[in-house]
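Below: one structure, written as structure tokens.
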Amino acid sequence: MFSKTSLLSLLAAGASAQQVGTLTSETHPSMPIQSCSAAGSCTSVSTTVTMDANWRWLHTTEGYTNCYTGNEWNTTICADGATCAANCALDGADYSGTYGVTASSGDLTLKFVTEGSYSTNIGSRLYLMASESKYYMFKLLNKEFTFDVDVSNLPCGLNGALYLVEMDEDGGMAKYSTNKAGAKYGTGYCDTQCPHDIKFIDGEANVEDWTPSSNDANAGSGKYGTCCNEMDLWEANVVSAALTPHVCSVEGQTRCSGTDCGDGDERYSGVCDKDGCDFNSYRMGDQSFYGKGKTVDTSSKFTVVTQFITNDGTDSGTLSEIRRIYVQGGKVIQNSVSKVSGVTDSNSITDAWCNEQKTAFGDTNSFEKLGGLASMGGSLSRGMVLALSVWDDHAVNMLWLDSTYPTDKDATTPGAARGTCETSSGVPSEIETSAASSSVTYGNIKIGAINSTYGA
Ligand SMILES: *[C@@H]1O[C@H](CO)[C@@H](O)[C@H](O)[C@H]1NC(C)=O
Ligand SMILES: *[C@@H]1O[C@H](CO)[C@@H](O)[C@H](O)[C@H]1NC(C)=O
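Sequence positions in the sequence shown follow mature numbering (1 follows the signal peptide of the UniProt record, and there is no 0) and run -17 to -1, 1 to 439.
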């Protein structure tokens, strides 16, 4: 995450009040997608992307003073959440210069580290927009979602994530009148980790009990978290990939505090399923399927298809299965089949498969407890927002994705081996330098009826 520490004073004076800054104009990069009919004919939709509010420069409505610098609030301006929301403005983004985000013909490239004029930016998270002020709402029950990805320049420790979260279409503006910035400025994030590092939740700054991170110069955590269902279509790097539905007992974006957030020892007492039910081919016992030179060859671009099958084959049915298909070099590649003892030889996610996998790996089954696929399907029918991101992991170095984790387990322990990265890899302070020039490219997004968006 990012915050500016200084600004040229040549800019025209006067941010407008109402918590939207105008020192940099906000121009959303274009990222058109295609919507396809059952017969396979596709039409273009003129969508754009916006940068999440957390990455944006936050300054006083009156001028140039930072409300937040590094990982700390200015507690004079931000004595409490409501005052802070009234006093501070989120500004427009210089997408390529500050954040290393570039768009071209439906492709979006996110650089990991960007040296801007005023700051160094680490990672980014953007959302797809239907209009200037509304997120695009994906309703994917009985539909499929397809995109191209290039992870060849994403080494161990990095995660290029493309996923859906049940945020409000307007970023929460209608629900919380003190949020004047809305979706246009990337507000309203939530996910199943109920993150505490979000600077504004429910129209208020998360300043109460704010604690700067001990190992992240740009992040901290406040009293509140922000929770919602999350469908991880894609969390991956050049070594490993995971497909993971996560669910919550709450519907839509929900602020949490205390036990409900499921922090630390209370991981399985919160309102969301932080583990999810993951399909990672390597973890499921097929170590030759995904990676450089493997069946899905991560040294070049490929296409990822995710299908949301309902029990009765209609848009109003219950989500019963999540299927994955890859396409590379004109060839359709079926997902790898589970090779774990005690787990059905299947290449898709169903509730029964999740239960078997949790038992085989000795994992707590919070996915089932909090509603399983039916709950995920509820979000998919109500509508979810697409997030496109690249990040490194200040908590556990992304080892849960690409290495052996927990690190004290032997790699032969069922479920422990997730990829070939060393257990010592992925340390942010190292890779933010050694892998600074890493990037991920997403593109060619298509949605439509089952089997309509890829050349079968
Ligand atoms: C915090 O804000 C006050 C009021 O605008 C300002 O005088 C002060 O310099 C700021 N502190 C820092 C560290 O920027
Ligand atoms: C999609 O294609 C698969 C095989 O490629 C087939 O088994 C399935 O029935 C198809 N589904 C629909 C709804 O067309």
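Backbone N, C-alpha and C define an ideal beta-carbon position, used for all residues, glycine too.
Rounded to whole angstroms, the gap between the alpha carbons of A418 and T297 is 45 Å. In the DSSP annotation of this structure, the continuous segment of the beta strand (DSSP E) that includes F130 starts and ends at K126 to D133. Counted as a single uninterrupted DSSP element, the stretch harbouring F95 is not any beta strand (DSSP E), since DSSP gives it neither H nor E. Here the distance from the Cβ of T406 to the nearest heavy atom of ligand 1 is not below 7 Å. Here A399 has T387 and K392 as same chain residues with Cβ atoms under 6 Å from its own Cβ, once five neighbours each way along the sequence are excluded.
Counting only residues of its own chain and dropping the five nearest sequence neighbours on each side, A432 has a CB closer than 6 Å to the CB of A21. In this structure, the alpha-carbon of Y273 lies about 8 Å from that of V221.
Non-local beta-carbon contacts of T161 in its own chain, meaning distances under 6 Å to residues more than five positions away in sequence, involve A68 and G186 in chain order. With fewer than 16 other beta carbons inside 10 angstroms of its own, G438 counts as exposed. Around Y251, the same chain offers T347 and S349 as residues with beta carbons nearer than 6 Å, after the five sequence neighbours per side are excluded. Within the same chain, G143, N220, V221, S421 and V423 come within 7 Å of L137 by CB-CB distance, once the 5 residues on both sides are set aside. Beta bridge pairing from DSSP links T342 with no other residue. Look at I433: its beta carbon is less than 7 Å from one of the heavy atoms in ligand 2. If you look at A65, you'll find it in the alpha helix (DSSP H) that goes G64 to N70.
Going by beta carbons, A166 and Y118 fall inside the 8 Å limit.
Short note on T31: C-beta not closer than 7 Å to any heavy atom of ligand 1. The alpha carbon of K352 has as its nearest neighbour, out of L302, V230 and T44, the alpha carbon of V230. Per DSSP, the unbroken beta strand (DSSP E) holding T33 starts and ends at T31 to M34.
With respect to the 8 Å criterion, T33 and Y146 are not classified as neighbours on the basis of their beta carbons. Excluding sequence positions up to five before and after G75, its CB lies within less than 6 Å of the CB of T7, S8 and E9, all in the same chain and listed in chain order.
Counting the other Cβ atoms within 10 Å of the Cβ of G259 gives 16 or more, which makes it buried.
Secondary structure note for W38: it is in no alpha helix (DSSP H), with a DSSP letter that is neither H nor E. Of all residues, those with a beta-carbon under 5 Å from at least one heavy atom of ligand 1 are T48, N57, T59 and I60, reported in chain order. DSSP places F285 within a strand segment (E or B) once states are collapsed to three.
Here the stretch 197 to 213 makes contact with the stretch 169 to 179; the two share three or more CB pairs at distances below 8 Å.
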